[in-house]
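*Asks:* According to full-length UniProt numbering, the sequence shown is numbered sequentially starting from 1. Sharing a structure below in structure tokens format, with a few things to ask.
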Amino acid sequence: GISIESKNIFGRTPLHLACISGYDDIVQYLIPKLFDINTYDKLGYTPLHHAVRHNHLKVLNILLASKKCCLDSKTFKNETALCL
């Protein structure tokens, strides 16, 4: 099988993709299994950035509740999730 830490050609993990798509049940499933939920894709976005950019509030709440989420993560353009 495929690792839950694997990345596609854009540097996105399954968690990135679930946050982009708003799949809150998958986000909830993946978070406890992952060592780092703050990994960057090739555009400089973390799963948190994607949840905010795509207005997935339920996903955002799950990420924030996990206590693994870094609110200070900055994109390559020096933006935090609060700036998006």
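Idealized CB from N, CA, C, for every residue including glycine.
1. Which residues in the same chain have their Cβ closer than 6 Å to the Cβ of A18, if we skip the five residues on either side of it in sequence?
2. Distance check for Y40 and H56, CA to CA, integer angstroms please.
3. Thinking C-alpha only, which one of L84, K77 and Y29 is nearest L63?
4. Does the distance from the CB of L43 to the CB of L60 come in under 9 Å?
5. Can you list, in chain order, the residues of its chain whose CB lies under 8 Å from that of K77, leaving out five sequence neighbours each side?
*Replies:* From the atom records:
1. Here the set comprises I26 and V27.
2. Their Cα atoms are separated by approximately 18 Å.
3. Looking at the Cα atoms, Y29 is the closest of the given residues.
4. Taking 9 Å as the cut-off, the beta carbon of L43 is found no closer than this to the beta carbon of L60.
5. Excluding five sequence positions before and after K77, the CB atoms of its chain that fall closer than 8 Å to its own CB belong to G44, given in chain order.
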